[in-house]
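Below is one structure, written out as structure tokens; the observations come after it.
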Amino acid sequence: MTELEKLRAGLAYCYDDEEVDALKEQAIIWTMEFNALHPLDFDAQRKCLKEHLGSMGKDVWIAKTFNCDNGRNIHIGNNFTGNYNITMLDIREIYIGDNVMIGPNTLISTVGHPLTPMGRRKHLGIAKPVTIGNDVWIGGNVTILPGVKIGNNVVVAAGAVVTKDVPDNTLVGGVPARKIKDIENDVE
């Protein structure tokens, strides 16, 4: 298997492999172009995102500065607001539902690394998709780790580090994020 095939199969892969690096290098170029667009030229911003993201619904807005590892692995639903300085390390897929707001300085990562020094010396990565449901508010300075699934009608408090799945209708916060309370779903 190639390193890219290993990555896509959910196996450990070499993150500085030529094919894997090519995806990142393309993302560096297009996100630089996106971030250089006039901040009020929303048509040009939407056009750039539509060209480079895997899929994108209606009424999607991502503020500057935006960074990612690929772009094609990001799938965003309708009515999305992504505030300043969002980073999506989309070596694997990131699925974002409808009516989602993400606060500034948030990191969504689909890639982790081995705990062993030898694994890190070999430049190994292990990637798992991230899924974010509908009607989710992610506060500022949040980190979402690989493989996490966030349900519908979830609020993630500012500064939280989400290390495991979050069920529907839940407020979580802290490091690591823990359930604070159930929240009402007033749209069902």
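All the letters of the sequence shown, read from the start, carry residue numbers 200 to 387 under my numbering. All residues carry an ideal CB built from backbone N, CA and C; glycine is no exception.
Determine which residues share a DSSP beta bridge with histidine 274 and list them.
Ser254, Tyr294
Check whether the Cβ atoms of histidine 274 and glycine 296 lie closer than 7 Å to each other.
Taking 7 Å as the cut-off, the Cβ atoms of histidine 274 and glycine 296 do not count as close.
For threonine 342 versus valine 353, is the C-beta distance shorter than 7 Å?
No, they are not a contact pair.
Given this structure, state the Cα-to-Cα distance separating glutamate 360 from glycine 339, to the nearest angstrom.
As written in the sequence, residue 360 is valine, which differs from the glutamate given in the question. Whole-angstrom Cα-Cα distance: 11 Å.
Opposite aspartate 381 in the DSSP bridges: which residues?
Thr369
Are the beta-carbon atoms of glycine 281 and isoleucine 301 separated by less than 7 Å?
yes
Would you decide whether valine 374 is buried or exposed? Buried here means 16 or more other CB atoms lie within 10 Å of its CB.
Exposed is the call here.
Sorted by chain position, which residues of the same chain lie with C-beta nearer than 8 Å to lysine 249's C-beta, five sequence neighbours on each side aside?
Met255
Nearest to lysine 263 by CA position, among His251, Ala243, Ile285, Lys257, is which residue?
Ile285
For glycine 311, which three-state DSSP category applies?
strand
Tell me whether the beta-carbon of threonine 305 lies closer than 7 Å to the beta-carbon of valine 329.
no
Short check: CB of isoleucine 349 to CB of valine 335, under 7 Å?
Cβ atoms of isoleucine 349 and valine 335: closer than 7 Å.
If you draw a straight line from the C-alpha of glycine 358 to the C-alpha of glutamine 225, how long is it?
30 Å
Measuring alpha carbon to alpha carbon, tell me which residue in Pro316, Glu387, Ala356 is nearest arginine 377.
Ala356
With respect to the beta strand (DSSP E) encompassing alanine 226, which residues constitute its N-terminal and C-terminal limits?
Counting along the chain, alanine 226 falls outside any beta strand (DSSP E), though it belongs to the alpha helix (DSSP H) covering 217-235.
Give me whichever residues DSSP pairs with threonine 330 in a beta bridge.
Tyr294, Lys348
According to DSSP, is glycine 281 part of a helix, a strand, or is it coil?
strand
Can you look up glycine 209 in the DSSP assignment and give me helix, strand or coil?
coil
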